[in-house]
Amino acid sequence: MNAPTKGSNPFLSAIFIPDPKAMTQKRVRVRFAPSPTGYLHVGGARTAIFNWLFARHHGGDFLLRIEDTDQSRYDQKALKELIADLKWLGLSWDEGPEVGGPHASYFQSQRLEHYQKYARQLVESDRAYPCFCTSERLEQLREQQKVNNLPSSYDRRCRNLPMDVALQRMRDGEKHTIRLKVPFHGNTTFTDFIRGAIEYQNRILDDLVLLKSDGFPTYHLANVVDDHLMEITHVLRGDEWIPSTPRHVLIYQALGWEPPVFCHLPVILAEGGGKLSKRKGAASVGDYRELGYLPEAMVNFLSLLGWSPGEDLEFMERKTLIEKFTLERVHPKSAVFDERKLEWLNGQYFLKREPAFFLPILKPLWEKAGVDLSKFSDEYLLQCIGLLKDRSKRLPEFVEFGLSFFKDPESYDEKASKKHFVPEAAALLNSLAGELEALGDFAAPTLEACYRQIAERLGRKAADLIHPTRLALSGLPFGPGLFELMAVLGRETVVRRLRNAANSIH
Ligand code: GLU
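For the sequence shown, numbering that gives the first Met the number 0 gives the first residue as 0, with consecutive numbering after it.
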């Protein structure tokens, strides 16, 4: 952003710049406008979430608009994934692909006639002009500017063509782009909801292309035309779009339209600084789904990147987020993507949810890990989940430990065996098996009392019995409370596994 400047823009004085805080009277309409060129990045998801929360908070409309005019970069598979990711996050849209709406189509590639109409209108009102410069000439110009250490910009050669000549050449079908007539002097100002007034010098803005020679619009024209036609009241987007905004404001002015409220969201940095990227941890929503995070934890976590409700509140269910979300509490300071916080939040959701919530999520994961679920009742699965959920932070942990609920261990953790499966442990495990076979009931408190008694009798610490037992039952040195685990596994399985482990010790 260039430094604020003094001086006035002759185009600006006639234009009403809305006071962002006064816009709330209108029905709120916001949009998420991705260009589907790759996976949905967590930054994009954060933008979608802020728009969605803002719309839901105000009882307004949330639109999904696909900005796919750059056909060379457009990817059908990416679009499908994007839609699936938004649905997974639970961000329902009121207008857009699949649901339609009064402003359909919501794909920019299907709205070319709108952009062409307004580009033409701008030429006719002398706010834009056709540019017949060939790509070779523009390339040469850039080269020259580079050699002379000048910033690359169009030298406005075609701006001076007389209107009748220009129109005739257009009618003759000569290849051309349409460029905006950016004022030579003065500044363009807009008020960002979060950052206040932002001012750019017009002389650095260049006569930007609105319509390309193939009849496709640039991002700038399509974005402005659609935001206007779709009656968007607030534009919430990442702050990398700030430099585009003065260009958009100039287009609004040239068309005589009132711009929406702009609200640029702070950048998200990786931990330790720098941009968030694939290399610095996973950066797509799909990656986090694969890692075993719940969508509600993801939404909660991303909503805190640049916004906070105050009151030290972090764990917030969707309903609370909607209630509390206001733009006044979005701050301009960069946000840090702290994966440990995401993990903590996910764990909080695990604690809060009932075991039945996890059943449909975990069944496919367990099946994928080779478990034949037809052998186990839902009741049994719910008991297993009940033991696992409070100590897990991500879904794979249900699989990692959960497998011991379904099959006897095939091996024992090496380091733990060295410690707990010493030669004398074989006799201990066999004798524990014998005691448990004779035990009256097999509930957790009974098992605990039994273990304490045996320990006392042997003059050992309870831990000396607990560690080898845990390893014998699951093959792992960690897991849920041992006595609860034993009660769920049942007497037969416990006794068998203790004996198997004893036999494995040489
Ligand atoms: N298509 C742009 C993007 O990919 C939209 C930016 C905006 O919201 O104006 O992010």
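Think of the CB as a built atom: it goes at the ideal place given N, C-alpha and C, for glycine as much as any other residue.
Values in this document were obtained by computation on a predicted structure and should not be read as measured data.
Measuring straight from C-alpha to C-alpha, what distance separates Ile360 and Ala83?
Residue mapping note: residue 360 aligns to position 361 of the sequence shown, counting from 1. Residue mapping note: residue 83 aligns to position 84 of the sequence shown, counting from 1. Rounded to whole angstroms, Ile360 to Ala83 spans 16 Å at the Cα level.
Going by DSSP in three states, Thr133 sits in which element: helix, strand or coil?
In the sequence shown, residue 133 corresponds to position 134, counting from 1. Coil.
Would you list, in sequence order, the uninterrupted alpha helix (DSSP H) runs of no fewer than 4 residues that lie entirely inside the region 279-307?
Correct list: 284-289, 294-302.
Measure the alpha-carbon distance for Arg288 versus Pro294 and round it to whole angstroms.
For the purposes of this step, residue 288 is identified with residue 289 of the sequence shown, where counting begins at 1. For the purposes of this step, residue 294 is identified with residue 295 of the sequence shown, where counting begins at 1. Straight-line Cα distance between these residues: approximately 8 Å.
From the DSSP output, in three-state form, read off Val27 for me.
In the sequence shown, counting from the first residue as 1, residue 27 sits at position 28. DSSP, reduced to helix, strand and coil, places Val27 outside both helices and strands of the structure shown, so it counts as coil.
By how many angstroms is the C-alpha of Val260 removed from the C-alpha of His40?
Counted from its first residue, the sequence shown places residue 40 at position 41. Counted from its first residue, the sequence shown places residue 260 at position 261. Looking at the backbone, the Cα of His40 and that of Val260 are separated by about 24 Å.
Using a Cβ distance threshold of 8 Å, determine whether the region 67-74 contacts the region 204-221, with at least three qualifying pairs required.
Output reads yes: the region 204-221 touches the region 67-74.
Going by beta carbon distance, what residues of the same chain come within less than 7 Å of Leu140, once the five residues before and after it are set aside?
To locate residue 140, count along the sequence shown from 1; it is residue 141. Result list for Leu140: Asp154, in chain order.
On the DSSP bridge list, what partners appear for Asn186?
Reading the sequence shown from its first residue, position 187 is the one you call residue 186. As a beta-bridge residue in DSSP terms, Asn186 pairs with Gln200.
So does Asn222 have its beta carbon nearer than 7 Å to some heavy atom of ligand 1?
Locating residue 222 in the sequence shown gives position 223, where the first residue counts as 1. For ligand 1, at least one heavy atom lies less than 7 Å from the Cβ of Asn222.
Identify the continuous alpha helix (DSSP H) that holds Leu269 and give its terminal residues.
What you label residue 269 is simply residue 270 of the sequence shown in a count that begins at 1. Here residue 269 turns out to be Ala, not Leu, going by the sequence shown. Taken as a continuous stretch (DSSP letters only), Ala269 belongs to no alpha helix (DSSP H), being part of the beta strand (DSSP E) at 267-269.
Compare the Cα-Cα distances from Leu254 to each of Ser243, Lys274, Val223 and report the closest residue.
Stepping through the sequence shown from its first residue, residue 254 is reached at position 255. Looking at the Cα atoms, Val223 is the closest of the given residues.
Straight-line Cα distance separating Gly385 from Arg498:
As a working note, residue 498 is residue 499 in the sequence shown. As a working note, residue 385 is residue 386 in the sequence shown. Going from the Cα of Arg498 to the Cα of Gly385 covers about 27 Å.
Using the DSSP secondary-structure output, state which residues sit across from Val208 in a beta bridge.
Within the sequence shown, residue 208 is the residue found at index 209, counting from 1. Bridge partners of Val208: Arg178.
With 16 other Cβ atoms within 10 Å as the buried cut-off, status of Ile197
Position 198 of the sequence shown, counting from 1, holds the residue named residue 197. In the assembly as shown, Ile197 is a buried residue. Its beta-carbon has 16 or more other beta-carbons within 10 Å.
Under the assumption that Asp206 contacts Leu249 (Cβ atoms under 8 Å), give the Cβ distance between them as a whole number of angstroms.
One-based indexing of the sequence shown puts residue 206 at position 207. One-based indexing of the sequence shown puts residue 249 at position 250. About 10 Å separates the CB atoms of Asp206 and Leu249; that is not less than 8 Å, and the two are not in contact.
Looking at the structure shown, is Asp311 part of a helix, part of a strand, or coil, going by DSSP?
Residue numbering aside, residue 311 sits at position 312 when the sequence shown is read from its first letter. Looking at Asp311 - three-state DSSP - the assignment turns out to be coil, as it is neither helix nor strand.
Ligand 1 heavy atom lying under 7 Å from the CB of Tyr73:
Taking the first residue of the sequence shown as position 1, residue 73 is located at position 74. For ligand 1, no non-hydrogen atom lies closer than 7 Å to the CB of Tyr73.
Taking the continuous alpha helix (DSSP H) assigned at Ala334, which residues delimit it?
Residue mapping note: residue 334 aligns to position 335 of the sequence shown, counting from 1. Looking at the DSSP string, Ala334 is not in any alpha helix (DSSP H); the run it does join, the beta strand (DSSP E), is 334-336.
The beta strand (DSSP E) that contains Val260, what's its start and end?
If you number the sequence shown from 1, residue 260 lands on position 261. Per DSSP, Val260 is one residue of the beta strand (DSSP E) stretching across 260-264.
Sufficient close CB pairs (3 or more, under 8 Å) joining the region 59-66 to the region 26-36:
Taking 8 Å as the limit for Cβ pairs, the verdict is that the region 26-36 does touch the region 59-66.
Would you say the region 413-424 touches the region 462-482, given that touching needs at least three Cβ pairs under 8 Å?
Segments in contact, yes.
DSSP three-state label for Arg236, please.
As a first step, residue 236 is located in the sequence shown; it is residue number 237 there, counting from the start. In the structure shown, Arg236 sits in a strand (DSSP, three-state: E or B).
At the 8 Å Cβ level, is Leu320 part of the contact set with chain B, yes or no?
The displayed structure is made up of one protein chain only, and chain B is not part of it.
Output yes or no for whether 8 Å exceeds the beta carbon distance between Leu394 and Leu364.
Within the sequence shown, numbered from 1, the residue matching residue 394 stands at position 395. Within the sequence shown, numbered from 1, the residue matching residue 364 stands at position 365. Result yes, Cβ atoms of Leu394 and Leu364 sit closer than 8 Å.
Top-ranked residue by Cα proximity to Glu316, from Thr244, Gly89, Phe336
By one-based count along the sequence shown, residue 316 stands at place 317. Of the candidates Thr244, Gly89, Phe336, Gly89 places its Cα closest to the Cα of Glu316.
For Ala368, collect the residues of the same chain with a Cβ closer than 7 Å to its Cβ; drop the 5 residues on either side in sequence, then sort them by chain order.
In the sequence shown, residue 368 corresponds to position 369, counting from 1. Around Ala368: Val398, Leu402.
Please state whether the Cβ-Cβ distance between Leu509 and Phe314 is less than 8 Å.
This structure gives no information on residue 509, because the portion of the chain shown stretches from 0 to 505.
Quick check on DSSP: helix, strand or coil for Pro216?
As a first step, residue 216 is located in the sequence shown; it is residue number 217 there, counting from the start. DSSP places Pro216 in strand when its eight states are reduced to three.
Assign Arg508 to one of two classes, buried (16 or more other C-beta atoms within 10 Å of its C-beta) or exposed (fewer than that).
The structure shown does not extend to residue 508, since the chain is modelled only from 0 to 505, so the question has no answer here.
Nearest neighbour of Leu62, chosen from Glu94, Leu78, Tyr199 [CA to CA]
Numbered from its first residue, the sequence shown carries residue 62 at position 63. Among Glu94, Leu78, Tyr199, the Cα nearest to that of Leu62 is on Glu94.
Once you ignore the five residues that flank Arg202 on each side, which residues in its own chain have a CB closer than 7 Å to its CB?
Here residue 202 refers to the residue found at position 203 when the sequence shown is read from its first residue. Result list for Arg202: Phe183, His184, in chain order.
Just checking Pro33 against ligand 1 - is the residue's beta carbon closer than 7 Å to any of the ligand's heavy atoms?
Looking up residue 33 in the sequence shown gives position 34. Because some heavy atom of ligand 1 lies under 7 Å away, the Cβ of Pro33 counts as near it: yes.
Heavy atom of ligand 1 within 7 Å of Arg45 beta-carbon:
If you number the sequence shown from 1, residue 45 lands on position 46. Taken from the Cβ of Arg45, every heavy atom of ligand 1 lies 7 Å or farther away.
Can you give the Cα-Cα distance for Ala443 and Gln382, rounded to whole angstroms?
Counting from one through the sequence shown, the residue named residue 443 turns up at place 444. Counting from one through the sequence shown, the residue named residue 382 turns up at place 383. Taking C-alpha positions only, Ala443 is separated from Gln382 by approximately 13 Å.
Report yes or no: do the region 168-176 and the region 237-248 share at least 3 C-beta pairs separated by less than 8 Å?
Of all C-beta pairs linking the region 168-176 to the region 237-248, fewer than three are shorter than 8 Å, placing the two stretches out of contact.
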